[in-house]
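See below for the structure under consideration.
Residue numbers (the working numbering): 154 to 718.
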């Protein structure tokens, strides 16, 4: 069979595979998992060209997927949408080696057919899902959107750069030789990328014999001259060096340098970059994916130093870095927590002392829940052993995984000196209802810490604790301008309306129109919001005030419209 005819057959097979991929994507468009039978059809179509020992390369661009320069997807709305979703997920291309099995190709089909545009905040992203699927014969060309770098060879994705380099080597390379050479060039490229931080020595490239380098001298020289690289490219180089290093000492040293760069990124307030640099290499210490990797424990030991004092210092510095947002840290913290093991789980709890925001603490707590399920750990024991603010992480984990047997230990933490521990304990009590819990929560509504008071008000309001109403009305009257801000004052009034309903209307009306004067200048405004929360009777009274009290008419309209809440 001629090369031209063989190429036409491969393009036809690639187009047929993409058609199956569109069917697979269509089977999951209503939120269901992609159909496994269609995934197998996709796999069998791809196995035909792979059986001729040729690697397959697909390019992913905005609204199109190409193979050997020919568009094989993107001619209709469904395929354009799928290509765009994959492009937005960071995929720029993928290579399938001839050794890929049908089962592996089916997993690849599910990965590509998943609607990544609908992923929730804590769902695994495309890259993390890929390594969890164990795609050893599929090489993904991923790009992290938003990273700014100069235009250079490093901007080109692997398959594009390989094609350019092959043209330098000669345009008449036979296809069979070209496929093998392409894989060799890809491996060399990944080993020769340079880390951009000159202050830290980069991991040493893989040993390449001179005979292998000689025919590629021009290509190697052009790559070595490039000093810029994306985080994803750096992560790929480190991963390949770790995976292929023949000695445990070299692997450990490379991992040590990796952790050094991760700490530097954390201290600079760049947690997303740190996570991207770390995730790929973390797969090597996961026994579920690389159980036979002989240097796993050496690398794991180095990576776990990120959970130690120097790692926490870098995090503590970074979370307060100007320009970083609390939510930027959630992905990294959830990733980092997966490095912990039963014997090092306490290192996660110590993070409670350095993380200032609840969203950051909750990300670690969510990872702790995963550990508890995976390693059969007991939250009861962890809570008993936690000291001071170490308890915050455990309590937030209990907010996700309520346990009635832990009610008393949680209530005991309501007496803690640290306000963040008391707040976390209140959050852990959200799913618990009892007389004891109500009593403790009513006391917490008068806590010295504002966040604790506000969370207590939410609990009383949600569970309609009527006994909390009269004391809260009295507080509404007595609080002065220096005792509470307008937001807390409104929260108190609205809680009164929620828990007492019609019974609260006379007192709230009197306070709203000034018959009963409050000490706080915003007390009458808060009372109007309380009437709105008091149900039909309160809302009717609010409307009547708007009609009969001209001086309050505009304010009533604002409250009725929901503004300023």
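Glycine is no exception: its CB is placed at the ideal position from the N, C-alpha and C atoms.
Only a predicted model underlies this, so the values are computations on that prediction, with no experimental measurement involved.
TODO: Measure the C-alpha to C-alpha separation of residue 615 and residue 573 and round it to an integer number of angstroms.
DONE: 22 Å
Task: Paired residues, beta bridge with residue 543 - DSSP - done: Paired residue(s): none; residue 543 is not in a bridge.
Open item on the list: On the CB-based measure, 16 or more other CB atoms within 10 Å of its CB, does residue 657 come out buried or exposed?
Closed with: buried
- [ ] Starting from the C-beta of residue 517, find all residues in its chain whose C-beta is less than 6 Å away, skip the five residues before and the five after it, and write them out in chain order.
- [x] 486, 490, 501, 504, 546
Task: Supposed contact pair residue 684 and residue 705 - C-beta distance, whole angstroms, cut 8 Å - done: Residue 705 to residue 684, Cβ: 11 Å. No contact.
Open item on the list: What would DSSP say about residue 468, mapped onto helix, strand or coil?
Closed with: helix
Task: From 294, 186, 681, residue whose alpha carbon lies closest to that of residue 211 - done: 294
- [ ] Check whether the Cβ atoms of residue 448 and residue 437 sit closer than 9 Å, and answer yes or no.
- [x] yes
- [ ] Check each candidate in 224, 653, 550, 541 and name the one with the smallest Cα separation from residue 532.
- [x] 550
- [ ] On the DSSP bridge assignment, give the partners of residue 292 in chain order.
- [x] 248
- [ ] Mark residue 402 as exposed unless 16 or more other C-beta atoms lie within 10 angstroms of its C-beta, in which case mark it buried.
- [x] exposed
Open item on the list: Which residue wins for smallest C-alpha separation from residue 440, given the options 430, 453, 431?
Closed with: 453
Task: Counted within 10 angstroms of its Cβ, other Cβ atoms place residue 429 as buried (16 or more) or exposed - done: buried
Task: Close-in-space but distant-in-sequence residues of the same chain around residue 548 (CB under 6 Å, 5 per side omitted) - done: 577, 578, 581
- [ ] Would you check if the distance between the CB atom of residue 263 and the CB atom of residue 177 is smaller than 9 Å?
- [x] yes
- [ ] Give the straight-line distance between the Cα atoms of residue 687 and residue 541, rounded to the nearest whole angstrom.
- [x] 40 Å
Task: Residues near residue 608 by beta carbon distance below 7 Å, same chain, minus five either side - done: 576, 579, 580
- [ ] Count the CB pairs spanning the segment 507 to 517 and the segment 455 to 464 that are closer than 8 Å, and state whether there are at least three.
- [x] no
- [ ] Would you give the residue range spanned by the alpha helix (DSSP H) that residue 656 belongs to?
- [x] Neither: residue 656 is in no alpha helix (DSSP H) and is coded neither H nor E.
- [ ] Quick one: residues in its chain with C-beta nearer than 7 Å to the C-beta of residue 395, no 5 flanking neighbours on either side, listed in chain order?
- [x] 404, 407, 408, 434, 437, 452
Open item on the list: Out of 180, 680, 191, 201, which one is the CA nearest neighbour of residue 231?
Closed with: 180
TODO: Could you name the residues of the same chain whose beta carbon sits closer than 7 Å to that of residue 603, not counting the 5 residues immediately before and after it, in chain order?
DONE: 641
- [ ] Classify residue 446 as helix, strand or coil using the three-state DSSP reduction.
- [x] coil
- [ ] Determine the DSSP secondary structure at residue 254, reduced to helix, strand or coil.
- [x] coil
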